[in-house]
Ligand code: ADP
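Numbering (my numbering), first residue to last: 197 to 671.
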C-alpha cells in the first residue's frame, strides 16, 4: 500500500500556471480591445480635423496586432512562457510611443495610454513587469520628446496648437515630461502595491490549498487503514467466536448431563458449583452469539426471514421465558397486553425475540430492587409501538449520543459493577432498522429510562416471507 510521502504539489502548481495563463489570455483580449479603440479614435480624430499620420499608425497598430495573434497561440499551450510576456509589454510601449508620435507627440490626445499600459502590466504580469515597463516606457517617451524638441524626429503638429510650437517650448515640454513620468511612477507604485497585496493573499491561498491537500491525503490514508483494521477486527471476532462456540457448547452439554444426574448422583455442593459453572458458560455463549451477530451486521450478512406475526405474542413469550430472572431481580414488573388485538406486522420472529429480550433485560438489570419496569405494546396510527419503561439508573446526558455504539457502556452502570458487553443496543437498533422501524429512548440519570421502537404495520414481509430461505434450508 502506498504510504503518503512528500506531498505532490503538481496539482497546485498546475492550478497556478493555469491561472497565470488565464491572466495572459485576458491581456491578449484587452490588447485587441485597445487596438480597436485606437483604430476607431484615430479615424474619428482624423475626421474631426486632427493631423494624424494614418499610415504610421496603421503600421504600429498592425505590429501590435501581429504580436497579439502570436501571443494567442503561445498562451493557448499548457506551459507558462517566461520571456514572451516581457517582450509584449516592451512592444506595447514602443507601439504606444509610435501612436503618440504619429498623433502629435506632446500634443497627442493618446498620452494617457501610458498609464493604461503601466496599470495593465502590473496586473497581468509579475512584480517586476510594472517598474520595468515604467522605466522603459518613460525612457522612450522622454527620448521622443527630446527627439522632437531637437528636431531629430519630425513633429506632427496639431491644428489646434497652430503657431505655438509646443514641442519646442522648453518649459512646457519639461513640465509635461516631468509631470507625466512622475504620474507614471506613482501609477506603477499604487497599482503594484495593490497587486502585491493580492499576490500575498493568493500565495497564502495556495499554501492553504497545499496544506488542505496534504491533510486530505493523510486523512484518506488514515481512513483506509482504519477500514482495513476494522475489517481485520471484524474477521478476527468472527473467526474467534466461531472457534469458541463449539467448545462452549460441549462444556454446556457435559455440565447439563452431570446436573441431570447422567453421571451419577451429585452432592449439594457439587450441584451448586456446577450450576454456577453452567450459568457462566451460558453467559459466555450469549456473548459469543452477540459477537457473531455484530460481525454479521458489520459484514452485511445479517439475514432476515420475515413473516406476519403478532408483536404482543412475541413479547408475552419473552416475558414468560424471563419470568425467573425478573423475579430474581426483585423489580415490580408490569405488562398488560392491549385489550383489542393489534394488526400483525412483518417480523423476523427470532430476531424480534432478541430485541425484546435485550430491552427487558437492560431494564431489569439497571433497575434496583423494588423499582418498576413497565412493558407496553400499542398501536400508533400505522405503526406498532413497543416500549419498556424503568425507574432505574438512567443514562448520563453527556453519554446519551453514544448509546447505540458498539461496546459502549455508560459510566454509571460500570460503577454499579453490572455485567454487560455494550453490544445489545447496537444489535437492537440494527434489527429494528432491518424491519424498517425506528428506535427511540428517553432517559434521566438516577430517574429512569424508556426505550421504545416502532414497526410499520405494512412492512416488507410481503416482499420476503422467508419461504425462499426455508426452501434453501430444507435442501
Ligand atoms: P450492556 O447492557 O450489555 O452493557 P447494551 O448495548 O444493552 O449493553 O447497553 C449499552 C449501555 O446502555 C449499557 O451499558 C448502559 O450503560 C446503557 N443502558 C441500556 N439500557 C439501559 C437502561 N434501561 N437503563 C440504564 N442504562 C441503560
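Here a beta-carbon is modelled for each residue, glycine too, at the ideal position from N, C-alpha and C. Please read all numbers here as calculations on a predicted model, not as lab measurements.
Problem - Distance between residue 419 and residue 410 (C-alpha atoms, nearest Å) - result: Here residue 410 is taken as the residue at index 214 of the chain shown, counted from 1. Here residue 419 is taken as the residue at index 223 of the chain shown, counted from 1. The C-alpha of residue 410 lies about 14 angstroms from the C-alpha of residue 419.
Problem - Beta-carbon separation (whole angstroms), residue 298 vs residue 256, contact threshold 8 angstroms - result: One-based indexing of the chain shown puts residue 298 at position 102. One-based indexing of the chain shown puts residue 256 at position 60. The pair is a contact, with the Cβ atoms about 7 angstroms apart (cut-off 8 angstroms).
Practice task
Please confirm whether residue 364 and residue 247 have their CB atoms less than 8 angstroms apart.
Solution key: Your numbering for residue 364 matches position 168 in the chain shown. Your numbering for residue 247 matches position 51 in the chain shown. Not closer than 8 angstroms, so no.
Exercise for the section: Starting from the N-terminal side, write out each stretch of the beta strand (DSSP E) that is 3 residues or longer and does not extend beyond the region 459-539. Expected result: 503-505, 528-531
Exercise for the section: Return the CA-CA distance between residue 586 and residue 647, expressed in angstroms with no decimal places. Expected result: Residue 586 sits at position 390 when you count from the first residue of the chain shown. Residue 647 sits at position 451 when you count from the first residue of the chain shown. If you take the alpha carbons of residue 586 and residue 647, they lie about 9 angstroms apart.
Problem - Distance cut-off 7 angstroms: residue 558 Cβ against heavy atoms of the ligand ADP - result: What you label residue 558 is simply residue 362 of the chain shown in a count that begins at 1. Answer for residue 558: yes, Cβ within range of the ligand ADP.
Problem - Other residues of its chain near residue 627: CB distance less than 6 angstroms, five sequence neighbours each side excluded - result: As a first step, residue 627 is located in the chain shown; it is residue number 431 there, counting from the start. Excluding residues within five positions, the ones whose Cβ falls inside 6 angstroms are 547, 551.
Problem - DSSP three-state assignment for residue 198, whether helix, strand or coil - result: Counted from its first residue, the chain shown places residue 198 at position 2. Model confidence at residue 198 stands at a pLDDT of 43, short of 50, so the residue's coordinates are unreliable; what they give is reported in the following sentence. In the structure shown, residue 198 sits in coil (DSSP, three-state: anything other than H, G, I, E or B).
Handout entry: Under 8 angstroms between C-beta atoms of residue 357 and residue 403
Key = Counted from its first residue, the chain shown places residue 357 at position 161. Counted from its first residue, the chain shown places residue 403 at position 207. The Cβ atoms of residue 357 and residue 403 lie no closer than 8 angstroms to each other.
Practice task
Using 10 angstroms around the beta-carbon of residue 258, count the other beta-carbons present and answer buried if the total reaches 16, otherwise exposed.
Solution key: By 1-based counting over the chain shown, the position of residue 258 is 62. The residue is exposed, with fewer than 16 neighbouring Cβ atoms inside 10 Å.
Exercise for the section: On a CA-only basis, which of 294, 362, 558, 574 is nearest residue 541? Give me that one, please. Expected result: For this step, residue 541 is matched to residue 345 along the chain shown. Closest option to residue 541, Cα to Cα, is 574.
Exercise for the section: Tell me whether residue 281 is buried or exposed, calling it buried when 16 or more other Cβ atoms sit within 10 Å of its Cβ. Expected result: Within the chain shown, residue 281 is the residue found at index 85, counting from 1. So residue 281 ends up on the buried side.
Handout entry: With 16 other Cβ atoms within 10 Å as the buried cut-off, status of residue 581
Key = In the chain shown, residue 581 corresponds to position 385, counting from 1. Burial call: buried.
Exercise for the section: Run the proximity test for residue 244: is its beta-carbon closer than 7 angstroms to any non-hydrogen atom belonging to the ligand GTP? Expected result: What this structure holds is the ligand ADP, not the ligand GTP.
Practice task
Look up residue 439 in the DSSP assignment and say whether it is helix, strand or coil.
Solution key: By 1-based counting over the chain shown, the position of residue 439 is 243. Of the three classes helix, strand and coil, the one that applies to residue 439 here is helix, per DSSP.
Problem - Any non-hydrogen atom of the ligand ADP within 7 angstroms of residue 217 CB - result: Here residue 217 is taken as the residue at index 21 of the chain shown, counted from 1. No, the beta carbon of residue 217 sits no closer than 7 angstroms to any heavy atom of the ligand ADP.
Practice task
Compute the Euclidean distance between the alpha carbons of residue 388 and residue 369, then round it to the nearest angstrom.
Solution key: Walking along the chain shown from the start, residue 388 turns up at place 192. Walking along the chain shown from the start, residue 369 turns up at place 173. About 28 angstroms.
Handout entry: Straight-line gap, residue 514 to residue 467 (C-alpha atoms, nearest Å)
Key = Here the question's residue 514 lines up with position 318 in the chain shown. Here the question's residue 467 lines up with position 271 in the chain shown. Those two C-alpha atoms are separated by around 28 angstroms.
Exercise for the section: Pick helix, strand or coil for residue 631, following the three-state DSSP scheme. Expected result: Taking the first residue of the chain shown as 1, we reach residue 631 at position 435. Assignment of residue 631 by DSSP, reduced to helix, strand and coil, places it in the coil class.
Handout entry: Proximity winner among 588, 215, 522, 539, relative to residue 395 (alpha-carbon distances)
Key = Reading the chain shown from its first residue, position 199 is the one you call residue 395. That would be 215, whose Cα lies nearest to the Cα of residue 395.
Exercise for the section: Tell me whether the beta-carbon of residue 599 lies closer than 8 angstroms to the beta-carbon of residue 637. Expected result: On the chain shown, position 403 is the one that residue 599 refers to. On the chain shown, position 441 is the one that residue 637 refers to. Yes. Within cutoff.
Problem - beta-carbon residue 455 near the ligand ADP non-hydrogen atom, thresh 7 angstroms - result: On the chain shown, residue 455 is found 259 positions in, with the first residue counted as 1. The answer is no for residue 455.
Practice task
Compare the C-alpha of residue 624 against each of 533, 250, 498 and name the closest.
Solution key: On the chain shown, position 428 is the one that residue 624 refers to. Checked all of 533, 250, 498; the closest Cα to residue 624 is 498.
Handout entry: Pairwise C-alpha distance: residue 271 and residue 220
Key = For the purposes of this step, residue 220 is identified with residue 24 of the chain shown, where counting begins at 1. For the purposes of this step, residue 271 is identified with residue 75 of the chain shown, where counting begins at 1. Distance between the alpha carbons of residue 220 and residue 271 is about 7 angstroms.
Handout entry: Among 438, 300, 325, nearest to residue 288 - alpha-carbon criterion
Key = Against the chain shown, residue 288 aligns to sequence position 92. The option with the nearest alpha carbon to residue 288 is 325.
Problem - Status (buried if at least 16 other CB within 10 Å, exposed otherwise) for residue 511 - result: The residue given as residue 511 occupies position 315 in the chain shown. Buried, because 16 or more other Cβ atoms sit within 10 Å of the Cβ of residue 511.
Practice task
Could you check what DSSP says for residue 606 in three-state terms: helix, strand or coil?
Solution key: The residue given as residue 606 occupies position 410 in the chain shown. DSSP places residue 606 in coil when its eight states are reduced to three.
Problem - Cβ neighbour criterion (16 or more within 10 Å) applied to residue 351 - result: Working through the chain shown from its first residue, we reach residue 351 at position 155. With 16 or more other Cβ atoms within 10 Å, it is buried.
Practice task
Measure the C-alpha to C-alpha separation of residue 506 and residue 461 and round it to an integer number of angstroms.
Solution key: Within the chain shown, the letter at position 310 stands for residue 506. Within the chain shown, the letter at position 265 stands for residue 461. Distance between the alpha carbons of residue 506 and residue 461: 44 angstroms.
Exercise for the section: Can you have a look at residue 380 and say buried or exposed, based on whether 16 or more other CB atoms are within 10 angstroms of its CB? Expected result: The residue you call residue 380 lines up with position 184 of the chain shown. Counting other Cβ atoms within 10 Å of its Cβ, residue 380 reaches 16 or more and is therefore classed as buried.
Exercise for the section: For the alpha helix (DSSP H) holding residue 580, just list the boundary residues, first then last. Expected result: Position 384 of the chain shown, counting from 1, holds the residue named residue 580. That residue, residue 580, is in no alpha helix (DSSP H); its beta strand (DSSP E) goes 579-586.
Exercise for the section: Using a threshold of 8 angstroms, state whether the C-beta atoms of residue 284 and residue 267 are closer than that. Expected result: If you number the chain shown from 1, residue 284 lands on position 88. If you number the chain shown from 1, residue 267 lands on position 71. Result yes, Cβ atoms of residue 284 and residue 267 sit closer than 8 angstroms.
Handout entry: Spatial neighbours of residue 333 in its chain, beta-carbon cut-off 6 angstroms, leaving aside the 5 residues before and after
Key = Taking the chain shown and counting its residues from 1, one reaches residue 333 at position 137. The residues are 289, 310.
Handout entry: Proximity below 8 angstroms, CB of residue 401 to CB of residue 337
Key = On the chain shown, position 205 is the one that residue 401 refers to. On the chain shown, position 141 is the one that residue 337 refers to. The answer is no: Cβ separation not under 8 angstroms.
Practice task
Run the CB neighbour count on residue 437, radius 10 Å, all protein chains shown included, and call it buried at 16 or more, exposed below.
Solution key: Residue mapping note: residue 437 aligns to position 241 of the chain shown, counting from 1. Buried, by the Cβ-count rule.
Handout entry: Per DSSP, the bridge partner or partners of residue 646
Key = As a working note, residue 646 is residue 450 in the chain shown. According to DSSP, which records beta bridges pairwise, residue 646 is partnered with 585, 638.
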